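J.: In the numbering used here, the protein residues as written are 445 to 645. Below is the structure I would like to discuss, written out as structure tokens.
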Ligand code: SF4
């Protein structure tokens, strides 16, 4: 026979059975209750970890491509590769809203100043991925018209090899960039103030 106190369908008509000694809990003090509450709802971390976590998981790339590699870059945003799993699917039309420049394709000498201007218009912090052989070192185009590596005009964070690299390769590059961001140092605090000039100087 089952214990009537264990019956979950007991109605009000049937009187509540007396509590067992094991069910009686000792009243907890105010201090213990506060400690319990704090332990379950407060998380300790550092500002640097939170900022880096947010930056690494919301990298918005600039939406532009230079040659054939750009087709593979476009594929990462589709449902097959789904780069939104890594928070990097929001391709921006304006450099002012972009964190990441993916240089997808060969950079011609004529295009180089335009690319540099776009990079300068991106707000800090910003990152660059050289996608494919052409943007990394000029690829097979060893001639006067093609820049022999985009790192001659902008600082590159990650190089993705291949001609063209597959979308998985680019996603791997983005993951490497995330690792780099997660361990980077951030600058905190107010902007440095200008020193006051002494009178008569
Ligand atoms: S690396 Fe290959 S696929 Fe990419 S732009 Fe150069 S030639 Fe085209």
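We treat Cβ as the ideally placed atom computed from N, Cα and C, and that holds for glycine. Small disclaimer: the values here were computed from a predicted structure and weren't measured.
How many Å lie between residue 549 and residue 496 at the Cα?
T.: Whole-angstrom Cα-Cα distance: 29 Å.
J.: Where the beta carbon is closer than 6 Å to any heavy atom of the ligand SF4, which residues qualify, in chain order?
T.: The answer, residue by residue, is 511, 512, 513, 549, 550, 576, 577, 578, 583, 607 and 608.
J.: For residue 598, which of helix, strand or coil comes out of DSSP?
T.: In this structure, residue 598 counts as coil in the three-state DSSP scheme.
J.: Does the separation of the CB atoms of residue 525 and residue 504 fall below 9 Å?
T.: Not closer than 9 Å, so no.
J.: What residues match up with residue 548 in a beta bridge as DSSP calls it?
T.: Answer by DSSP bridge pairing, in chain order: 575.
J.: Would a C-beta distance cut-off of 9 Å place residue 573 and residue 602 closer than the cut-off?
T.: Yes, Cβ-Cβ distance for residue 573 and residue 602 is below 9 Å.
J.: Taking the straight line between their C-alpha atoms, what separation do you get for residue 600 and residue 566?
T.: Their backbone Cα atoms lie some 14 Å apart in a straight line.
J.: Since residue 499 is in the alpha helix (DSSP H), which residue starts that stretch and which ends it?
T.: Element bounds for residue 499: 491-500.
J.: Closest to residue 619 by C-alpha separation, out of 521, 492 and 532, would be which residue?
T.: That would be 532, whose Cα lies nearest to the Cα of residue 619.
J.: Let me check understanding here. Comparing Cα to Cα, which of 587, 588 and 595 lies closest to residue 560?
T.: For residue 560, the nearest C-alpha among the options comes from 595.
J.: DSSP state of residue 604, grouped into three classes?
T.: Residue 604 falls in the strand class under three-state DSSP.
J.: Quick check on the burial criterion: 16 or more other C-beta atoms within 10 angstroms. Buried or exposed for residue 523?
T.: The residue in question, residue 523, is exposed, as its Cβ has fewer than 16 Cβ neighbours within 10 Å.
J.: If you scan the segment 510-545 from start to end, which runs of the alpha helix (DSSP H) of 4 or more residues do you find wholly inside it?
T.: The qualifying runs are 513-519.
J.: According to the Cβ coordinates, are residue 513 and residue 578 closer than 9 Å?
T.: Their beta carbons are under 9 Å apart, which means residue 513 touches residue 578 by this criterion.
J.: Using DSSP with H/G/I as helix, E/B as strand and the rest coil, what is residue 590?
T.: The answer is strand: DSSP assigns residue 590 an E or B state.
J.: Count the other CB atoms, across all protein chains shown, that sit within 10 Å of the CB of residue 541; report buried if there are 16 or more and exposed otherwise.
T.: So residue 541 ends up on the exposed side.
J.: Among the candidates 571, 607, 597 and 570, whose CA atom is the shortest distance from the CA of residue 584?
T.: Nearest of 571, 607, 597 and 570 to residue 584, Cα basis: 607.
J.: Please report the residue range of the alpha helix (DSSP H) in which residue 478 lies.
T.: Residues 474-485.
J.: Who pairs with residue 505 in a beta bridge, going by DSSP?
T.: According to DSSP, which records beta bridges pairwise, residue 505 is partnered with 544.
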